Each structure stands twice: as structure tokens, then as C-alpha cells.
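Residue numbers (UniProt numbering): 1 to 163.
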């Protein structure tokens, strides 16, 4: 399947926000809405004060956009789970996709083991023993990561263990 959009072409605009990139983003959105380009705005969480302007620009461009026009927005989650950085209007008009780490012991073991290549596993002179120890460490790590979810019930004091 070919979409006709390339990173090197003129029909894909990638704007990393911050340090005065807002006018460039607005220009890219207008051009893309009129000509059917794609735009990705990265790090919108860094330009909190500009987000109401973005919301208005999105409303303007949604009145009669080109059929091929697409706008993608990326943001880090808010540090406070009860507060949203992105205005409600943007959230309501968008398809939202999240990227969350896997949960559960099995998923954590797979995530830890994925850090090692097959070449690394086979390079040890005692391959069988190395794999057994590595699996035990990954299992232990996964158990610790799962226990951390339970806070005070999982530990008798706060631990700075990170995954």
C-alpha cells in the first residue's frame, strides 16, 4: 500500500515545538489543510500557552480541509494525573493513542530480555549457565517492578527502584 507521503517530500511537515516554533507550526497547519499534506507537531506539552491558539487553528482548518490533510500531535503525559495539559476541545476532536509500558510479570520479563541480542546470549563460554542466571535476574526484576505497583502494601518503605 502506498500513501504517497514521504519524509523527504514536501507533503510531510514535522515541527518540534518549543523555542519559538509556533508560527512555523501554524503555517504548516494552514498549508497542509489547504493542500492535503500531513503535519506532526511534536512536544506540544512544552508550549502550554500556545495550545488555545492551536485549538482555534484546528477549528478553522476543520471547516473545509483537503481530503488528504492529517494533523498528528505528540505530547508527554501530565505529571499530575488529574490535570490535562492539552485543552479539552483538542482531545474531543482527536483520535487518541497512548504508548504505555507492558504490565504483568511475563510482559516485564520479555521487556527485560529484549535488551539482549542473540549474539550476546551466545557469546559467553558457559552459555547455559549465563542464560539461566540472566533469566533469574530478569524474573527478579519483573517481580520487583510488579511489587512497586502496590506502594506501601508491596514494600515496608519507599524504594527508589526503577525499571
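Cβ atoms here follow ideal geometry from the backbone N, Cα and C, with glycine treated the same way. Just so we're clear, the structure is a prediction, and the values are computed from it rather than from any experiment.
Could you check the C-alpha separation between residue 78 and residue 125 for me, to the nearest Å?
Locating residue 78 in the chain shown gives position 78, where the first residue counts as 1. Locating residue 125 in the chain shown gives position 125, where the first residue counts as 1. One C-alpha to the other measures close to 47 Å.
Quick one: what does DSSP say residue 1 is sitting in, helix, strand or coil?
The residue you call residue 1 lines up with position 1 of the chain shown. Its pLDDT being 36, under 50, residue 1 is placed unreliably in this model, and the coordinates cannot settle the point.
Does the pairing of the segment 39–59 with the segment 9–16 give three or more beta-carbon distances under 8 Å?
By the Cβ rule, the segment 39–59 counts as touching the segment 9–16, because three or more pairs are nearer than 8 Å.
What is the DSSP secondary structure of residue 64, counted as helix, strand or coil?
Start at 1 with the first residue of the chain shown, and residue 64 comes out as number 64. In the three-state DSSP reduction, residue 64 falls in the coil class, being neither helix nor strand.
Does residue 108 come out as helix, strand or coil in the three-state DSSP assignment?
Sequence index remark: in the chain shown, residue 108 carries index 108 (1-based). Of the three classes helix, strand and coil, the one that applies to residue 108 here is helix, per DSSP.
Going by the CB atoms, is the gap between residue 29 and residue 71 shorter than 8 Å?
Stepping through the chain shown from its first residue, residue 71 is reached at position 71. Stepping through the chain shown from its first residue, residue 29 is reached at position 29. Against a cut-off of 8 Å, the Cβ pair of residue 29 and residue 71 comes out as a contact.
Could you give the distance in angstroms between the alpha-carbon of residue 82 and the alpha-carbon of residue 45?
Position 82 of the chain shown, counted from the first residue, corresponds to residue 82. Position 45 of the chain shown, counted from the first residue, corresponds to residue 45. In this structure, the CA atom of residue 82 is about 15 Å from the CA atom of residue 45.
Can you grab the Cα-Cα spacing for the pair residue 118 / residue 131, in whole Å?
Counted from its first residue, the chain shown places residue 118 at position 118. Counted from its first residue, the chain shown places residue 131 at position 131. CA-to-CA, the gap between residue 118 and residue 131 works out to about 11 Å.
What number of angstroms, rounded off, separates the C-alpha of residue 60 from the C-alpha of residue 19?
Your numbering for residue 60 matches position 60 in the chain shown. Your numbering for residue 19 matches position 19 in the chain shown. If you take the alpha carbons of residue 60 and residue 19, they lie about 25 Å apart.
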